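J.: After the structure tokens below, expect a handful of questions from me.
Residue numbers (our numbering): 165 to 529.
Take a look at the structure:
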């Protein structure tokens, strides 16, 4: 008979996912502003932003292999502790180097929490539980994307850019407390060969979803990296910037419960193409607008359209992944995502330095 803690495990993972994404998005959008205050150039800001993603790309596959072999407990707890350390580092970072180090720690913490949670919940296969919990992961991630920027914007407006990261630190503490009591996933106990792991990429369905997911992350990274700088350039206050960014998150949160019905109406491939096409147009529109209500509109419409792509690729990958290698398939998806996120700030940082911030959005769209 399952203990109460074991039965509550999925709920605790979902609660931790919401807390973590709220903390993450109360911090990440304002890292670029903090670096700008420390006199970093646009290109240096791009490098700092890319370090967050590079650290995840490097760690994702070995971490997935570890979780398959040993379970998710230790990575989850260690990731929560690292996030708290990174948030406190940003709150007191006097130099560009320490900001960059904190960004690396934040990236490592995120991939640990993300892979641990996704592996456990994607493994619940009976009675439609997997579809339900994958939907809840996406929903709570969107909810955190909504809550986080508002909290971060308020904290930055009230206490300044540096001490504003204390909001993320408080939420990070709550994440750590949940991680300490959450039940461990049972490891598969098998040690897959490295060549067998890399051979997963030969599966066309897996490769296709990984590539689509990477393209989405490549393009939407500009919202986190450069949208706060663009709004600051046109004279918007920090709290308003956070509120506009939260519109993107709440739009994702609103559309994702309808994903199952939309797939039935449009078919998965058509829905994905439509969401990417319209999402790109609304993303490009960010660079055309300087009026507040139009920025709210473009952010909301981008969230409604691009918000469908992430759960669709996650569901597709989890369906085709071999059960004994699910963590590694999810890790390959994460590697693709963050490879896109790693390249994006560098490319768009160079574009921003040469042509200004508005063209960054036109090209990413």
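Glycine included, every Cβ here is placed at the ideal spot set by N, Cα and C.
No experiment lies behind these values; they were computed from the predicted model shown.
Alpha carbon to alpha carbon, what distance is there between residue 209 and residue 177?
T.: On the chain shown, residue 177 is found 13 positions in, with the first residue counted as 1. On the chain shown, residue 209 is found 45 positions in, with the first residue counted as 1. Approximately 33 angstroms between the Cα atoms of the pair.
J.: With 8 angstroms as the threshold, decide whether the Cβ of residue 427 is near any Cβ in chain D.
T.: Absent from the structure: chain D. Only one protein chain is present.
J.: Would you report the Cα separation of residue 300 and residue 179, rounded to the nearest angstrom?
T.: Within the chain shown, the letter at position 136 stands for residue 300. Within the chain shown, the letter at position 15 stands for residue 179. Cα-Cα distance, rounded: 10 angstroms.
J.: Is it buried or exposed, residue 182, if we count other Cβ atoms within 10 angstroms and call 16 or more buried?
T.: The residue you call residue 182 lines up with position 18 of the chain shown. Its Cβ being crowded by 16 or more others within 10 Å, residue 182 is buried.
J.: With burial defined as no fewer than 16 other Cβ atoms inside 10 Å of the residue's Cβ, what is the status of residue 455: buried or exposed?
T.: Indexing the chain shown from 1 puts residue 455 at position 291. Exposed, since its Cβ has fewer than 16 Cβ neighbours within 10 Å.
J.: Report the residue from 284, 250, 373, 409 whose alpha carbon sits nearest the alpha carbon of residue 386.
T.: Against the chain shown, residue 386 aligns to sequence position 222. For residue 386, the nearest C-alpha among the options comes from 409.
J.: Taking the CB atoms as reference points, tell me whether residue 219 and residue 277 lie closer together than 8 angstroms.
T.: Indexing the chain shown from 1 puts residue 219 at position 55. Indexing the chain shown from 1 puts residue 277 at position 113. No.
J.: Measuring alpha carbon to alpha carbon, tell me which of 226, 307, 248, 411 ends up nearest residue 280.
T.: Translated into positions along the chain shown, residue 280 becomes position 116. The residue with the shortest Cα to Cα distance from residue 280 is 226.
J.: What residue from 239, 233, 236, 202 has the CA that sits closest to residue 259's CA?
T.: Along the chain shown, read from residue 1 onward, the residue named residue 259 stands at position 95. Closest option to residue 259, Cα to Cα, is 202.
J.: Assess contact between the stretch 304-323 and the stretch 397-413, defined as three or more Cβ pairs (one per stretch) separated by less than 8 angstroms. Is contact present?
T.: A contact exists between the stretch 304-323 and the stretch 397-413.
J.: So, for residue 241: in the same chain, excluding its five sequence neighbours on each side, which residues have a beta-carbon less than 6 angstroms away from its beta-carbon?
T.: As a position in the chain shown, residue 241 is number 77, starting the count at 1. Answer for residue 241: 343, listed in chain order.
J.: Along the chain, where does the alpha helix (DSSP H) containing residue 462 start, and where does it finish?
T.: If you number the chain shown from 1, residue 462 lands on position 298. Where residue 462 is concerned, the enclosing alpha helix (DSSP H) stretches over 456-470.
J.: Could you tell me how far apart the beta carbons of residue 272 and residue 285 are, in whole angstroms, since I believe they sit closer than 8 angstroms?
T.: Sequence index remark: in the chain shown, residue 272 carries index 108 (1-based). Sequence index remark: in the chain shown, residue 285 carries index 121 (1-based). Not really, about 21 angstroms apart at Cβ, beyond 8 angstroms.
J.: Are residue 193 and residue 336 close, meaning C-beta to C-beta below 8 angstroms?
T.: One-based indexing of the chain shown puts residue 193 at position 29. One-based indexing of the chain shown puts residue 336 at position 172. No. Outside cutoff.
J.: Suppose you measure from the CA of residue 464 to the CA of residue 447; what does that come to, to the nearest Å?
T.: Locating residue 464 in the chain shown gives position 300, where the first residue counts as 1. Locating residue 447 in the chain shown gives position 283, where the first residue counts as 1. Inter-residue distance for residue 464 and residue 447 is about 10 angstroms (C-alpha atoms, whole angstroms).
J.: Go ahead and pull the three-state DSSP assignment for residue 220.
T.: Within the chain shown, residue 220 is the residue found at index 56, counting from 1. In the structure shown, residue 220 sits in a helix (DSSP, three-state: H, G or I).
J.: Could you check whether the stretch 374-386 touches the stretch 305-315, counting it as contact only if at least three pairs of C-beta atoms, one from each stretch, sit closer than 8 angstroms?
T.: no
J.: To the nearest angstrom, how far is it from the Cα of residue 359 to the Cα of residue 233?
T.: The sequence position of residue 359 within the chain shown is 195, counting from 1. The sequence position of residue 233 within the chain shown is 69, counting from 1. Caution is warranted here: a pLDDT of 43 is assigned to residue 359, below 50, making its placement in the model unreliable, and the coordinate value is therefore given only provisionally. When rounded, the distance between both Cα atoms is 16 angstroms.
J.: Can you give me the start and stop residues for the alpha helix (DSSP H) that residue 412 sits inside?
T.: As a working mapping, residue 412 is identified with position 248 in the chain shown. Here the alpha helix (DSSP H) through residue 412 covers 402-419.
J.: What do you reckon, are the CB atoms on residue 412 and residue 309 nearer than 8 angstroms?
T.: Start at 1 with the first residue of the chain shown, and residue 412 comes out as number 248. Start at 1 with the first residue of the chain shown, and residue 309 comes out as number 145. Yes. Within cutoff.
J.: Between which residues of its own chain and residue 326 is the CB-CB distance below 6 angstroms, once the five residues before and five after are set aside?
T.: As a first step, residue 326 is located in the chain shown; it is residue number 162 there, counting from the start. Around residue 326: 255.
J.: According to DSSP, simplified to helix, strand and coil, what is residue 325?
T.: Within the chain shown, numbered from 1, the residue matching residue 325 stands at position 161. Looking at residue 325 - three-state DSSP - the assignment turns out to be coil, as it is neither helix nor strand.
J.: Quick one: using the 10 Å Cβ neighbour count with 16 as the cut-off for buried, is residue 195 buried or exposed?
T.: Against the chain shown, residue 195 aligns to sequence position 31. It is buried - the Cβ of residue 195 has at least 16 other Cβ atoms within 10 Å.
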